[in-house]
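Here is the structure we will look at.
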Amino acid sequence: MFQIFTDLATEAVKLIGLDLESRLGASVHFFIEDVSKIMVLLVVMIYLIALVRASLNLERVRDFLQRIHPVLGYGFGAIFGAITPFCSCSSIPLFLGFTTARIPVGISLAFLITSPMINEVAIVLLGSLLGFRFTLVYVAVGLLVGMASGALLDLLKAERYLKPFLKDALNKAAETITEGPVLPTETPSLSLQERHEYAKDELYTIMKRIWKWVFIGIGVGAIFHGFVPESWVTGNLGAGQWWSVPAAVFVGIPLYSNATGMIPIMESLILKGLPIGTTLAFSMSVIAASFPEFILLKQVMEWRLLAMLWVTLLCAFTLVGWFFNAFWPIISQL
Amino acid sequence: MKLIKVLGSGCAKCNQTVEFIKEIAQQEGAEIELQKVTEPIQIMQYNVLSTPAIVIEEKVVHSGSIPKKEQILTWL
Numbered sequence: 000m001f002q003i004f005t006d007l008a009t010e011a012v013k014l015i016g017l018d019l020e021s022r023l024g025a026s027v028h029f030f031i032e033d034v035s036k037i038m039v040l041l042v043v044m045i046y047l048i049a050l051v052r053a054s055l056n057l058e059r060v061r062d063f064l065q066r067i068h069p070v071l072g073y074g075f076g077a078i079f080g081a082i083t084p085f086c087s088c089s090s091i092p093l094f095l096g097f098t099t100a101r102i103p104v105g106i107s108l109a110f111l112i113t114s115p116m117i118n119e120v121a122i123v124l125l126g127s128l129l130g131f132r133f134t135l136v137y138v139a140v141g142l143l144v145g146m147a148s149g150a151l152l153d154l155l156k157a158e159r160y161l162k163p164f165l166k167d168a169l170n171k172a173a174e175t176i177t178e179g180p181v182l183p184t185e186t187p188s189l190s191l192q193e194r195h196e197y198a199k200d201e202l203y204t205i206m207k208r209i210w211k212w213v214f215i216g217i218g219v220g221a222i223f224h225g226f227v228p229e230s231w232v233t234g235n236l237g238a239g240q241w242w243s244v245p246a247a248v249f250v251g252i253p254l255y256s257n258a259t260g261m262i263p264i265m266e267s268l269i270l271k272g273l274p275i276g277t278t279l280a281f282s283m284s285v286i287a288a289s290f291p292e293f294i295l296l297k298q299v300m301e302w303r304l305l306a307m308l309w310v311t312l313l314c315a316f317t318l319v320g321w322f323f324n325a326f327w328p329i330i331s332q333l
Numbered sequence: 000m001k002l003i004k005v006l007g008s009g010c011a012k013c014n015q016t017v018e019f020i021k022e023i024a025q026q027e028g029a030e031i032e033l034q035k036v037t038e039p040i041q042i043m044q045y046n047v048l049s050t051p052a053i054v055i056e057e058k059v060v061h062s063g064s065i066p067k068k069e070q071i072l073t074w075l
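Chains as they are written, first to last, in numbering that gives the first Met the number 0: chain A, 0 to 333; chain B, 0 to 75.
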């Protein structure tokens, strides 16, 4: 089914007059094949997903999370983080809204951790670049890290270190908060026409935001693909050294890219022989946590809570890395 | 004069929203007072979950995206 994009890239490289065997030719081929395939898949997937989730909004997610048992909350928090359209610039109001609705801090954090890692764009990219099995592993690990980190932070009573104004709001009876003007939470059932309008809007907004990331990510991946020799990667960043995973996470957390930019780079890292676990750990820490996000969260959290979150993620991604470096050979045989 | 507040913790979309409303109000010659609310503690009081959110005369009329031109026209 995807052969057409390989052929397209081959023709294009010939047309430019490059040799497919040359480094530059290989890079250009890789770039054209991936970009054309991914752009087509993205348009189809974003539209279809938006059609289905047109009636899902954060208000409904909040109401749902408020009602269910906290133990289930971590799981659902992470799952909704994955499926709800959400921009990290809304982290603060979301965190405030969830907290004042008496949803435990850990559940909000599960949502916020999973949200940047898993979305339809990430899934299209993973599926087309790294295959079905890897996509499944990535999604499962992303959800698990979100749930486990959230649950752990609640066990450690992370809410102690919220900013005082938020702790006050949390302690006050809920009625003083809900008195304020509230958006209606019932969403009328949508007609197909309305869903189509919504999906069209979503498609336009998302593509406008991410197209350059697709180009940058695949561009960097392509350069890596053509110019960095495999022996260098396996020799310097192989699975042999235990410390390579925490080191990768440590470097990855302050770095920031969204999933769209990072996944094509993951592909070329893996193709060059970087162990799966190290790649996952590095990429997820780049995508899930970043300094800009932490600085945003500083408005509602004390340093202590930010540090707890940071250490939790560092440990979680390191464990993920070690696990998959050790067991991927077995998993890939299943 | 209508009081229009734009809620948002300093994200790019929120700034774009403020500029956009200002621009349209000018085009239409509408008299408005535009306020940018960035303090988390104030945003919290309006109970919105996503920003930019628009508050007119203390009523939340929109949240989560840069509003469209047609929407803004109905608020002026």
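For each residue, glycine too, the CB sits at the ideal point set by N, CA and C.
Proximal residues of chain B, C-beta to C-beta of residue i below 7 Å
i	result
Gln298 of chain A	Ser8, Pro39
Arg159 of chain A	Neighbours of Arg159 of chain A on chain B: none; closest Cβ ~18 Å, over 7 Å.
Ala81 of chain A	Simply none; closest approach about 17 Å.
Leu93 of chain A	Leu48, Ser49
Leu295 of chain A	Ser8
Coil, strand or helix - residue i by DSSP
i	result
Ser331 of chain A	coil
Val47 of chain B	coil
His61 of chain B	strand
Ala52 of chain B	strand
Ile102 of chain A	coil
Val5 of chain B	strand
Met146 of chain A	helix
Glu158 of chain A	helix
Glu30 of chain B	coil
Lys35 of chain B	strand
Met337 of chain A	This structure does not reach residue 337 of chain A, given that chain A is present from 0 up to 333, and the question cannot be answered.
Met300 of chain A	strand
Leu75 of chain B	coil
Asp18 of chain A	coil
Thr83 of chain A	coil
Arg52 of chain A	coil
Leu273 of chain A	coil
Leu189 of chain A	coil
His68 of chain A	coil
Ser284 of chain A	helix
Met0 of chain B	coil
Straight-line Cα distance separating residue j from residue i
i	j	result
Ser190 of chain A	Thr50 of chain B	26 Å
Glu174 of chain A	Ala288 of chain A	Bear in mind that the predicted position of Glu174 of chain A carries a pLDDT of just 48, short of 50, making it unreliable; the figure below should be weighed with that in mind. If you take the alpha carbons of Glu174 of chain A and Ala288 of chain A, they lie about 34 Å apart.
Ser35 of chain A	Gln25 of chain B	43 Å
Phe133 of chain A	Ile53 of chain B	42 Å
Arg61 of chain A	Leu23 of chain A	50 Å
Gly220 of chain A	Leu124 of chain A	13 Å
Glu178 of chain A	Tyr45 of chain B	Only weak support exists for where Glu178 of chain A lies, its pLDDT of 45 falling under 50; the value from the coordinates is given anyway. Their backbone Cα atoms lie some 9 Å apart in a straight line.
Ser256 of chain A	Val138 of chain A	18 Å
Trp74 of chain B	Ile55 of chain B	8 Å
Val42 of chain A	Gln34 of chain B	37 Å
Lys68 of chain B	Leu95 of chain A	29 Å
Ser127 of chain A	Gln15 of chain B	34 Å
Glu20 of chain A	Trp212 of chain A	27 Å
Pro69 of chain A	Ile106 of chain A	8 Å
Thr278 of chain A	Leu2 of chain B	51 Å
Leu47 of chain A	Ile42 of chain B	33 Å
Leu40 of chain A	Leu6 of chain B	35 Å
Glu32 of chain B	Met0 of chain B	7 Å
Ile20 of chain B	Leu7 of chain A	45 Å
Ile176 of chain A	Phe97 of chain A	Note on Ile176 of chain A: pLDDT 46, under 50, position unreliable in the model; the coordinate value appears next. Near 12 Å, if we compare the C-alpha coordinates of Phe97 of chain A and Ile176 of chain A.
Cys314 of chain A	Ser54 of chain A	36 Å
Ser331 of chain A	Cys10 of chain B	42 Å
Val60 of chain B	Glu18 of chain B	18 Å
Pro180 of chain A	Lys4 of chain B	Residue confidence for Pro180 of chain A is low, a pLDDT of 46 falling below 50, so the modelled location carries little weight and cannot support an answer.
Listed by chain order, chain A residues near residue i by CB distance under 9 Å
i	result
Ile20 of chain B	Correct list: empty, because the minimum Cβ distance to chain A is about 18 Å.
Residue i and residue j closer than 7 Å at C-beta
i	j	result
Ala77 of chain A	Thr99 of chain A	no
Gly276 of chain A	Ile215 of chain A	no
Pro39 of chain B	Gln298 of chain A	yes
Leu57 of chain A	Leu48 of chain B	yes
Gly320 of chain A	Val244 of chain A	yes
Ile45 of chain A	Leu202 of chain A	yes
Asp153 of chain A	Pro103 of chain A	yes
Ser284 of chain A	Val248 of chain A	yes
Ser282 of chain A	Met265 of chain A	yes
His224 of chain A	Phe4 of chain A	no
Pro8 of chain B	Ile91 of chain A	The sequence given here has Ser at residue 8 of chain B, not Pro. Their beta carbons are under 7 Å apart, which means Ser8 of chain B touches Ile91 of chain A by this criterion.
Partner residues on chain B for residue i, Cβ-Cβ distance less than 9 Å
i	result
Arg61 of chain A	Leu48
Phe164 of chain A	Pro39, Ile40, Met43
Proximal chain B residues relative to residue i, where beta-carbon distance stays under 8 Å
i	result
Val89 of chain A	The sequence given here has Ser at residue 89 of chain A, not Val. By Cβ distance, chain B contributes Cys10, Leu48, Ser49, Thr50, Gly63.
Ala77 of chain A	Within 8 Å Cβ-Cβ: nothing; Ala77 of chain A doesn't reach chain B, min ~17 Å.
Ala168 of chain A	Met43
- Report the residues of the segment 100 to 118 of chain A with a CB closer than 8 Å to any CB of chain B, ordered along the chain. none
- Can you give me, in chain order, the residues of the segment 37 to 67 of chain A that have a beta carbon less than 9 Å from any beta carbon in chain B? Asn56, Leu57, Glu58, Val60, Arg61
- Would you list, in chain order, the members of the segment 241 to 273 of chain A that have their beta-carbon closer than 9 Å to a beta-carbon of chain B? none
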